[in-house]
Amino acid sequence: MKKFFLTPALILFALALVVTGCKQDEDQPTLPPAVANEPEVITTLTLSFTDANNVQPDVAATFRDPDGDGGGGPDVFDNIELVANTTYNVAVTLLNETESPAEDVTVEILEENAEHLFCFVADGGSNITVTRTDTDGTFEVGLQSQWVTGAASTGNIVVTLKHQPDGLKDGTCTPGETDIEVDFPLIIN
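Each number in this note's numbering comes from the position in the sequence shown (counting from 1) with 39 added on.
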């Protein structure tokens, strides 16, 4: 059996091929990686309810997690308590309290409304209908909405803000990333 030995010159030649093959062409510019649309940092979500007929008192429900996602849990997590058979106009306020002073993220969502959509999903036990009342010119947004309560009931309503950049927005809650999602207990008296 014949043994095969590599000569030192052959080894150096093979190494030179590997090094040159892996070397980046210096004439070609290096492009920076694509900048991804980062989800919004939201620590506080407040829903402000005003009776459309100005009969019932105003109501507010807040979810607040001051250290953001992860870490400790929320320090404020209100129930939504509404009066039966009432129409409420609702405004959403969002804050990022990881910054000092706190950043009003609502302003950013309003400026980038073509890339954002609020979704409101009530479970089967809740007698409520939610309709988004603001638009980006093409699709609804949900910073403003109308909530119509039915008979007394209890359940939950999930409030989700979807970030739908780069033409993903199609009026549904399917595409995009979730910026915040809160499952509020809902009590209709």
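Beta carbons are placed, not taken as given, at the ideal position from N, Cα and C, and that holds for glycine. A quick note: this is a predicted structure, and the numbers were derived from the prediction, not measured.
### Query
What three-state label does DSSP hand ALA141 in the structure shown?
coil
#### Entry: Same chain only: Cβ atoms within 7 angstroms of VAL212, ignoring 5 sequence neighbours per side
Just to set this straight, residue 212 is Cys in the shown sequence, not Val. Excluding sequence neighbours, CYS212 sits near LEU156, CYS158, THR199 and LYS201.
### Query
Can you tell me whether LYS143 is buried or exposed, with buried defined as 16 or more other CB within 10 angstroms of its CB?
According to the sequence as given, residue 143 is Asp; it is not Lys. Classification for ASP143: exposed.
### Task
Let me know the secondary structure DSSP gives GLY215 once reduced to three states.
coil
#### Entry: Residue from PRO214, PRO105 and VAL180 with nearest C-alpha to PRO140
PRO105
### Task
Mark ASP108 as exposed unless 16 or more other C-beta atoms lie within 10 angstroms of its C-beta, in which case mark it buried.
exposed
### N- and C-terminal bounds of the beta strand (DSSP E) containing ILE119
119-121
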